[in-house]
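Those protein sequence lines, which keep their order, are chains Y and P.
Quick note: the first sequence uses this note's numbering, first residue 1, plus one each step.
Quick note: the second sequence uses this note's numbering, first residue 523, plus one each step.
Built from N, CA and C at the ideal position, the CB exists for glycine as well.
A short write-up of the structure that comes next.
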Amino acid sequence: MTLFKPKHISLSIGILVTLLILLPLFYLLIYAIPDGKQVTSDGFSNIFSAGILKSIFNSVTISAFVSTFSVIIGSCFAFLFSKTRLPFKNLFKFLILLPLLLPPYIFAVAWTDTWFYFGLDRDLIYSPFSVIFIMISVYTPLAAFIIEGSLNNISSSIEEAGVTMTSYTNVMLKVIIPLIRPALLSSFIVIFVLTISEFSVPFYLSVNVFPTEIFLQFTAFYNYSSAIVQALILTLICLLLIFPERIFLAGTPFISIGGRSLRFKSISHKTDFKYIILCLAYILLFVLTPFISLIIQSIGKSGEPSILYTIKQLSPSLWDSLLISFAGSFVVTLSGFIFAVLSVRYRIKIAGYFLLFVFAVPAIVIGIALVKFYNTSLFNFIYGSSLIILIAFIARYAFISQKIFTNGLLQIPESFQEAAKLTGASHFYTFRKITMPLLGESFYISFFIIMIFCVSELTSVIMIYPPGISLLPVRIFTLMANAPQSTISRMCLIALGFSLGLIVIMISGRKILFSQKWRSNQ
Amino acid sequence: MIKFSLLISGIMIYTILLLPSCKDKNHVVVYTSVDQVFSEPVLMAFENKTGIKVKAVYDTEEAKSTGVLNRLLSEKDNPRCDVFWSGDPMRADVLRQKDISEPYHAQNADGINSVFIEKNYNWIGFSSRARVLLINTELVKEDDVPESILNLTEEKYRGKVAIANPLFGTTSFHIAGLFVELGDEKATRFMNDLKRNDIVIATSNGDVKKKVSDGEVSMGLTDSDDGNEAVKEGLPVKMFFLDQSGIGNLIVPNTVSLIRNSPNNENGKKMIEYLLSSESERMLAESCAQMPLHKGIQLPANVPSLDDIKPMNVDYKAVAEKSEQIRDFLKQWTEK
């Protein structure tokens with residue numbers, strides 16, 4: 001019976017997921033680096049060239065700016081959504097989410113077209129500033145959603161107690177911000193890693209960054225050895241984020257749910273008119289401008305294919321994409337949850353670091369590792385089916401999910417489980433009746449965000465999708481080449497509509513599937 | 523929560539079980555770097571004609587063919603693909619050099635000029651594109667269009683010309699062609715002069731088309747199918763073949779290769795015969811103005827005949843090999 005303890009089940013699943021991802025990466029490392037001499041000559045010696053050092057500097061600087069500003073702006077939105085009676089809150093949420101629903105590359109094209117239309121200087125358009133601007137607009141909603149989830153989990157009793165003694169500004173600075181520190185740092189790390197491994201936007205804007213170097217080694221030189229050494233350096237840079245995390249979170253008061261006064265109905269502050277104006281200004285500047293550009297471009301001239309033709313072109317991929325995104329989101333969320341439990345509840349810290357390591361590996365390296373490892377007769381059932389895509393999704397996004405669950409788990413005091421144990425509740429009963437309901441918000445946010453990422457994931461999927469399967473981002477990307485501008489813009493808008501449709505399903509299904517009656521009954 | 527888990531578990535099992543890719547026995551797997559909008563109708567026509575199910579993996583030159591070529595390299599020991607249809611001979615020759623393709627002397631290759639065929643039939647060329655100069659007619663008068671690619675280094679074209687990143691695709695093939703034709707010293711000087719003349723480096727040939735038609739630059743070197751699409755869209759552009767009284771204009775054929783030890787080898791050979799047929803060349807001429815390599819195919823009005831163009835007289839295999847040799851130079855050139 002002891003074999004079926006939650007710890008053993010979590011460990012077994014964790015080890016299985018680790019092996020599914022780690023073995024291909026090790027295999028690639030061994031395959032690509034047959035002897036140490038080659039590594040030295042091909043990879044490491046080049047690392048210290050001026051060009052590569054500059055590209056590393058560019059990557060780190062851009063990522064630091066993007067993650068800092070995204071977290072600051074995202075926090076403001078999260079606070080407005082969670083702690084105020086902002087009118088049209090759901091509409092605002094919906095609008096700021098839009099940039100996350102399209103691949104960043106498409107967003108970059110829409111922005112540059114807009115800037116050229118308004119006569120912005122060419123040198124300014126093709127500069128790191130543009131990359132930072134575009135990436136902030138893409139990743140701010142991600143920060144907002146992660147931080148909002150954390151804010152929603154703070155018991156209002158704590159805020160109320162603070163307000164009776166001091167001003168709300170002080171409560172913010174001394175209580176709320178310390179409590180959401182894990183979420184702030186998670187957002188920073190996730191956005192930093194996503195930005196530093198982003199290739200398409202800097203490449204389109206001719207900004208030299210480190211992933212460009214890696215991409216060149218793969219695509220122009222077919223030099224796997226050098227590319228993988230460079231990818232390792234990129235991964236190490238990302239792993240360095242572990243140290244700031246430790247320092248920043250040292251002494252964080254994680255317990256935010258008061259034992260006997262577990263209440264989530266937060267203090268709702270009246271919204272000042274200026275906040276509505278600021279929200280509208282942000283949405284107009286960062287969100288609507290490029291989408292208006294896409295809509296204008298989608299109006300075709302006579303003789304160009306109709307919108308029905310465009311829909312017909314994309315329709316074969318809609319069903320496959322829907323299924324695989326849902327399944328992908330499920331396995332990634334499950335993996336993220338298991339790894340969060342292992343690192344928080346069972347104190348197996350390496351579980352969290354492993355996912356950060358995998359998350360930091362560039363998508364193209366993940367793709368090649370999966371092809372090389374699973375393309376054997378033994379693993380044909382994986383390589384020849386959609387399972388290979390699900391494994392790629394876990395490798396790419398389980399870290400984000402794990403971070404979301406870590407925040408949620410850290411905010412549940414262990415005393416809850418201990419109390420359940422004292423009353424004789426089994427592990428599974430405690431898990432089902434206490435942990436799962438309290439993590440409902442985390443499950444929802446993880447599933448929601450990961451699904452958005454799965455729907456638009458291109459770089460790794462284009463390497464591994466089995467022949468005969470048609471996925472939306474791949475189909476759009478391959479149809480984009482040589483299609484008229486109006487068709488390209490329409491395809492982007494259809495992809496956006498598809499993602500929005502999924503979101504509507506998620507929001508509609510939320511109340512049924514993630515029922516949290518205990519919250520509303522307070 | 524339980525309802526949710528059950529629902530998603532059901533979807534997941536359905537996804538895993540119902541989306542395996544190899545259920546049809548009579549099929550052929552094709553990897554192609556030719557834009558899907560053009561290649562898919564040809565592959566579907568083969569499927570309709572023969573009843574052999576085509577399972578295609580598409581990629582695009584915009585993505586530098588990262589997907590299919592890296593896949594083919596990675597799958598070398600356990601190939602999944604039967605036929606590789608490339609947009610240029612360079613990638614096909616990478617497969618030959620790495621022993622991934624297998625010689626196959628297709629019957630339909632017999633009508634094609636041997637200059638477009640690798641001597642051991644590791645790859646065979648068909649429907650071709652040309653490298654062209656695309657100009658914005660609102661910004662450039664026809665009198666100001668250069669006659670030779672070498673004229674682009676002149677002061678009057680400073681900052682007005684775009685070229686795709688020469689490390690990739692047909693542009694790298696074009697530059698390698700110039701190195702073969704002009705010799706290393708002269709070609710290196712030409713490239714450095716272009717750089718000094720503030721040439722704009724675009725991400726792809728499609729991006730060159732966009733930059734020229736948007737008026738961001740006055741002219742740019744791109745492929746004839748990109749130029750043709752811009753003309754079809756009614757954009758203010760016109761295409762020119764260069765060096766018609768000099769070294770000639772580079773012609774870039776599609777190529778097809780049979781993959782060594784491929785799982786559906788016989789169906790792969792049928793696919794190769796179809797791609798090399800007059801029927802597929804006609805389809806590509808109609809859809810994207812590609813010039814057939816077989817003689818006597820009826821051409822649409824917008825498609826030039828190869829007989830009317832003076833081609834750059836190069837050994838395609840030598841060009842493919844040269845493109846490997848000049849990569850370091852081109853990387854430094856793009857970074858300057």
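Look at the Cβ atom of A684 of chain P, then the Cβ atom of N750 of chain P, and state whether they are nearer than 9 Å.
no
Given a threshold of 16 other Cβ atoms within 10 Å of its Cβ, counted over all protein chains shown, does G742 of chain P qualify as buried or as exposed?
buried
Length of the line joining the Cα atoms of I368 of chain Y and N548 of chain P
28 Å
Could you pull the start and end residues of the alpha helix (DSSP H) that H696 of chain P belongs to?
G691 to L704
Counting only runs of 4+ residues fully inside the region 554 to 597 of chain P, write out the alpha helix (DSSP H) ranges in chain order.
558 to 572 and 588 to 596
Return the residues of the region 104 to 117 of chain Y that lie within a Cβ-Cβ distance of less than 7 Å from chain P, sorted by chain order.
F116
Please work out which residues of its chain come closer than 7 Å, Cβ to Cβ, to F199 of chain Y, disregarding the five sequence neighbours upstream and downstream, and give them in chain order.
P211, T212 and F215
So, helix, strand or coil for S676 of chain P, using DSSP?
Before going on, a small fix: residue 676 of chain P reads as Glu here, not Ser. Collapsing the DSSP output to three states places E676 of chain P in coil.
Which stretch, first to last residue, makes up the beta strand (DSSP E) that contains I781 of chain P?
I773 to I781
Rounding to the nearest angstrom, what Cα-Cα distance links P785 of chain P and N673 of chain P in this structure?
50 Å
To which residues of the same chain is I464 of chain Y closer than 7 Å at the C-beta, ignoring the five residues directly before and after it?
G367, L370, V371, I388, I389 and A392
Could you give the distance in angstroms between the alpha-carbon of K37 of chain Y and the alpha-carbon of Q847 of chain P?
With a pLDDT of 44 at K37 of chain Y, under the threshold of 50, the modelled position of this residue cannot be trusted, and the question is left open.
Coarse secondary structure for E707 of chain P, derived from DSSP in three states:
helix
Check whether A183 of chain Y and I146 of chain Y have beta carbons under 9 Å apart:
yes
With DSSP collapsed to three states, give me the class of G259 of chain Y.
Reliability of the predicted coordinates at G259 of chain Y is poor, the pLDDT of 40 falling under 50, and the value obtained from them is presented with this limitation in mind. Correct three-state label for G259 of chain Y: coil.
For the region 593 to 609 of chain P and the region 833 to 840 of chain P, state whether three or more C-beta atom pairs, one from each stretch, are separated by less than 8 Å.
no
Whose CA, out of P:N658, P:L689, P:E795 and P:E677, lies closest to the CA of K731 of chain P?
P:N658
Alpha carbon to alpha carbon, how far is A395 of chain Y from D610 of chain P?
Going from the Cα of A395 of chain Y to the Cα of D610 of chain P covers about 34 Å.
Alpha carbon to alpha carbon, what distance is there between I348 of chain Y and F254 of chain Y?
Since pLDDT at F254 of chain Y reaches only 44, below the 50 mark, its modelled position is unreliable, and the value read off the structure follows with that caveat. Computed Cα separation, rounded: 18 Å.
Could you spell out where the alpha helix (DSSP H) holding K832 of chain P opens and where it closes?
Secondary structure note for K832 of chain P: it is in no alpha helix (DSSP H), with a DSSP letter that is neither H nor E.
Evaluate D745 of chain P with the Cβ neighbour count: other Cβ atoms within 10 Å of its Cβ, from every protein chain shown; 16 or more gives buried, anything less gives exposed.
buried
Within 10 angstroms of the Cβ of K844 of chain P, are there 16 or more other Cβ atoms? Answer buried if so, exposed if not.
buried
Quick one: give me the first and last residue of the beta strand (DSSP E) that L743 of chain P is part of.
M741 to D745
How many whole angstroms separate the CB atoms of N153 of chain Y and Q417 of chain Y, which I take to be in contact at a CB cut-off of 8 Å?
In fact, because the Cβ distance is near 17 Å, the residues do not count as touching under 8 Å.
Name the DSSP bridge partner or partners of W607 of chain P?
P:T554 and P:V778
From what residue to what residue does the alpha helix (DSSP H) around A842 of chain P run?
Y838 to Q847
Roughly how many whole angstroms lie between the Cα atoms of E323 of chain Y and G468 of chain Y?
According to the sequence displayed, residue 323 of chain Y carries Leu and not Glu. Their Cα atoms are separated by approximately 15 Å.
The region 685 to 698 of chain P: which residues have C-beta closer than 7 Å to a C-beta of chain Y, in chain order?
L689 and F690
Give the residues of chain Y in contact with D581 of chain P, contact being defined as C-beta atoms less than 8 Å apart.
I462 and T478
Which residues, taken in chain order from the region 214 to 227 of chain Y, show a beta carbon closer than 9 Å to some beta carbon of chain P?
F215, L216, F218, T219, A220, F221, Y222 and Y224
Tell me the start and end of each unbroken alpha helix (DSSP H) in the region 128 to 205 of chain Y that is at least 4 residues and wholly inside, in chain order.
128 to 152, 156 to 165, 168 to 171, 181 to 196 and 200 to 204
Taking the beta strand (DSSP E) that I723 of chain P falls in, what are its first and last residues?
From DSSP, the beta strand (DSSP E) with I723 of chain P extends over V722 to A724.
Tell me which residue opens and which closes the alpha helix (DSSP H) that G440 of chain Y is part of.
G440 to S456
Proximity of I462 of chain Y and F477 of chain Y at Cβ, strictly below 9 Å:
yes
Between K577 of chain P and chain Y, is any beta-carbon pair separated by less than 9 Å?
Yes, contact with chain Y.
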